[in-house]
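Residue numbers (the numbering used here), protein chains in the order written: chain A, 8 to 474; chain B, -17 to 316.
All C-beta atoms in this analysis are idealised placements derived from N, C-alpha and C, irrespective of residue type, glycine included.
Report on the following structure.
See below:
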């Protein structure tokens, strides 16, 4: 098996598959960790039990999602060496220390405090428990920062030299970390994580609402999720535009592929809304375009000239078909998120946020939109970087390990089988957790001694909170 | 600065790997012992005894791997392809056992399945790590800054032996952890298992130690040459001391003594491997200095590590302290 396959293609498929599965979990847990910290903070500040119940509700889901993120992440940290050893040898001196800092500042922090956050509230007291929750949330953000510095350096490398054995060696760490695309990518990704989480929280609330469960927890979730959405969605669209302009400056070929511009347009490039890009024919079939709009968006001038892929050698063009479509999916979902946020805003202004079944249905349908948009965005930026691993410096074809196709193929099949089985089960468990009722844990609500004897009357406590 | 950065980093990476081996060692060991406890409530306690810390334990594996990429990229780029199959098996096995920590509590009907995943994942991951160690000790072939062997080179009788020895060793750590953390019938059962695992571990260490010098003349020189022969003579005495502590702790107590003695055995075995390797990163093929990244990379990461590693050790110790003491039936975190 696999003797006739190209080992590099199989290695690329393996990396794409494992990283695509992995990114789903951090995208969710970055946002969810922050949400948990906010919920716990609100509970400590206001003392309202609804916040603690929501914390406990989402905490369990976080634990599951985090475990899946950890195990799929460990795979990533070894995949560089198993399948991309030439890249690791050459780029290790630059990207390795950044990943080292990710482990030292983020992974240990998250893992060290996760146990206390999940299981330790009664053991360490409220203040330290809140501190642990903040550390976990901070850890997820630090992790994103370092790994995006690495990825951004591969997109827009600077601050390095090449030594006598062909390794990239750091010359200026500040320039390496704060490379041109890093700030844009970081903000874009963190906002994406927050959007993803808001949409999931909103969808869970909407599902309970549609089932007629009019609890205060559901109201609070829905209000918080839609509030977050209406603020973050427009910010994200603005940020995406800035990120695109940054890409145009530093990786113009990627933007040509995103736009489907095979031809150069010396006096104003059209915006191709849809069409079928065809690399062999170097054209977009059945293109639906708006004249000059691309130049307006990218150059803020209707008649600004824009180069096309005809200025790039064929073998240095990225797979336009993929990038063109993944980009459109991401953008469309971004606007759909904005639409949902505005709809919720209008409903709230009219006092009908919790009383609009169609809004709730829309929020439910949009639940997974964040994940899809994150994946589409990453496909755009990663596939758009091809054929390079380090843009303009190192080709993907020169980056792989000297491993034969059967070995890469066999492990790829193993990853596919295991991931689908494991993560499908995980998805079922997470959905099941999302569908249950937020539990009342009496001892936490009394504010009294942590181990109050006997069972505190549940109904009285529930009455306090209005249900 | 006159610090030999590659040597400093070799010591830090060696520490990270040791930390991984002993810490994830006992929670992998719990998984290995899982099928030997027929009562579900015992298995609940066993898993709960490591649930708050396993994630931190496993982070040391990322530190070992990620750290290698950062400071010894050439070693990372040659060892990992050489160990392609066992490492892939280890990663997939860790997926199974990692998710089992959460999934097991989410399903009544499926909990047996996830018990099996927890056991199978722990056992396969351990066996693969042992094989990886054996394959590294017997040497891997490197040409032109790349792995030059085939993808079955790791599989030899010696590597299978080290795999089996590590299974016994982690089972010992796991059983001793249970002696430390549990009471009653569960602790008694763990004591019995620890005795058997202890004998198997000592036998494994003995055979591996006798075999290693004959794999390569370099090891023979190292073990029986001056001055390292002093260590070769001292280690068996220290091992005997640790074994005595283990036996005594398992027969008369106190409950912390077996775990500490088992840790001692691991540290001694690990030190033996370290003495055999130094100054090689990959034995007889790649030295620490050849594999090292340029000093700019090493210095940059060291500056932070000097501050961060003590902090990590401090809050890790704190997390262990928070969850200290014996765990009773029905007292769980889930």
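Bridge partners for residue i per DSSP, in chain order?
| i | result |
| --- | --- |
| residue 129 of chain B | B:124 |
| residue 284 of chain A | A:291 |
| residue 296 of chain A | A:279 |
| residue 177 of chain A | A:167 |
| residue 272 of chain A | A:313 |
Of the residues the options, which one's Cα is nearest the Cα of residue i?
| i | options | result |
| --- | --- | --- |
| residue 82 of chain A | A:129, A:236, A:26 | A:26 |
| residue 347 of chain A | A:147, A:362, A:329, A:367 | A:367 |
| residue 410 of chain A | B:221, B:4, B:130 | B:130 |
| residue 143 of chain B | B:186, B:256, B:96 | B:186 |
| residue 18 of chain B | B:308, B:246, B:156, B:281 | B:156 |
| residue 100 of chain B | B:118, B:45, B:50, B:11 | B:11 |
| residue 436 of chain A | A:74, A:57, A:327 | A:74 |
| residue 119 of chain B | B:278, B:268, B:224 | B:268 |
| residue 46 of chain B | B:62, B:35, B:32, B:31 | B:62 |
| residue 222 of chain A | A:196, A:317, A:283, A:60 | A:60 |
| residue 383 of chain A | A:250, A:270, A:339 | A:339 |
| residue 81 of chain B | A:106, A:345, A:428, A:443 | A:428 |
| residue 65 of chain A | A:169, A:166, A:211, A:244 | A:211 |
| residue 385 of chain A | A:152, A:281, A:34 | A:34 |
| residue 251 of chain B | B:5, B:284, B:90, B:0 | B:0 |
| residue 291 of chain B | B:49, B:15, B:37 | B:49 |
| residue 316 of chain A | A:92, A:284, A:355, A:202 | A:284 |
| residue 281 of chain A | A:268, A:244, A:296 | A:296 |
| residue 46 of chain A | A:84, A:332, A:267, A:231 | A:231 |
Using a 10 Å radius around the Cβ and a threshold of 16 neighbouring Cβ atoms, would you call residue i buried or exposed?
| i | result |
| --- | --- |
| residue -7 of chain B | exposed |
| residue 23 of chain B | exposed |
| residue 84 of chain B | buried |
| residue 71 of chain A | buried |
| residue 322 of chain A | exposed |
| residue 289 of chain B | exposed |
| residue 129 of chain A | exposed |
| residue 123 of chain B | exposed |
| residue 307 of chain A | exposed |
| residue 280 of chain B | buried |
| residue 164 of chain A | buried |
| residue 112 of chain A | buried |
| residue 155 of chain A | buried |
| residue 206 of chain B | exposed |
| residue 186 of chain A | buried |
| residue 462 of chain A | Confidence at residue 462 of chain A is low in this model, with a pLDDT of 37, below 50, so its placement is unreliable and no value can be given for it. |
| residue 453 of chain A | Any reading at residue 453 of chain A must be qualified, since the residue scores a pLDDT of 36, below 50, and its modelled position is unreliable; the value itself is stated next. Classification for residue 453 of chain A: exposed. |
| residue 443 of chain A | exposed |
| residue 240 of chain B | buried |
| residue 88 of chain B | buried |
| residue 174 of chain B | exposed |
| residue 53 of chain A | exposed |
>> At 3 residues or longer, what runs of the beta strand (DSSP E) sit wholly inside the stretch 237 to 308 of chain B?
In response: Along the length of the stretch 237 to 308 of chain B, whole beta strand (DSSP E) runs at least 3 residues long occupy 262 to 264, reported in chain order.
> Unbroken beta strand (DSSP E) runs of length 3 or more, entirely within the stretch 55 to 104 of chain A: which are they?
Replying inline: none
>> As an exercise, report each continuous alpha helix (DSSP H) stretch of at least 4 residues that is fully enclosed by the stretch 119 to 170 of chain A, in chain order.
In response: 128 to 131, 133 to 162
>> Please give me, in chain order, every unbroken run of the alpha helix (DSSP H) with length at least 4 that falls completely inside the stretch 160 to 244 of chain B.
In response: 166 to 193, 199 to 206, 210 to 234
> In chain order, which beta strand (DSSP E) runs of at least 3 residues are fully inside the stretch 357 to 428 of chain A?
Replying inline: 395 to 397
> Taking a cut of 7 Å between CB atoms, which residues from the stretch 100 to 117 of chain A lie near chain B?
Replying inline: 100, 103, 104, 106, 107, 108, 110, 111, 112, 114, 115
>> So if I threshold CB-CB distances at 9 Å, which residues from the stretch 406 to 417 of chain A count as touching chain B?
In response: 408, 409, 410, 411, 413, 414, 415, 417
> Residues in the stretch 84 to 95 of chain A with C-beta within 9 Å of chain B's C-beta atoms, listed in sequence order?
Replying inline: 84, 85, 86, 87, 88, 89, 90, 91, 92, 93, 94, 95
>> Short of 7 Å Cβ to Cβ, which residues in the stretch 99 to 116 of chain B face chain A?
In response: none
>> What are the residues in the stretch 59 to 75 of chain B lying within 9 Å of chain A by C-beta distance?
In response: 59, 60, 61, 62, 63, 65, 66, 67, 69, 70, 71, 72, 73, 74
> What residues in the stretch 122 to 137 of chain A bring their beta carbon closer than 8 Å to a beta carbon of chain B?
Replying inline: Residues 122, 123, 125, 126, 127, 130, 131.
>> Tell me which residues of the stretch 32 to 46 of chain B have at least one Cβ-Cβ distance to chain A shorter than 9 Å, keeping chain order.
In response: Flagged, chain order: 33, 34, 35, 36, 37, 38, 39, 40, 41, 42, 43, 44, 45.
>> Along the stretch 85 to 98 of chain B, where does the CB come closer than 8 Å to a CB of chain A? Name the residues.
In response: Residues are counted here when their Cβ sits less than 8 Å from a Cβ of chain A; for the stretch 85 to 98 of chain B these are 85, 88, 89, 92, given in chain order.
> the stretch 270 to 286 of chain B: which residues have C-beta closer than 7 Å to a C-beta of chain A, in chain order?
Replying inline: 275, 276, 278, 279, 282, 283, 286
> What are the residues of the stretch 152 to 166 of chain B that lie near chain A, defined by any Cβ-Cβ distance shorter than 8 Å?
Replying inline: none
>> Beta carbons nearer than 7 Å to chain A: which residues of the stretch 127 to 139 of chain B have them?
In response: 127, 128, 129, 133
>> If the cut-off is 8 Å on Cβ atoms, which residues from the stretch 154 to 182 of chain A count as contacting chain B, listed in chain order?
In response: The stretch 154 to 182 of chain A vs chain B, Cβ under 8 Å: 170, 172, 174, 176, 177, 178, 180.
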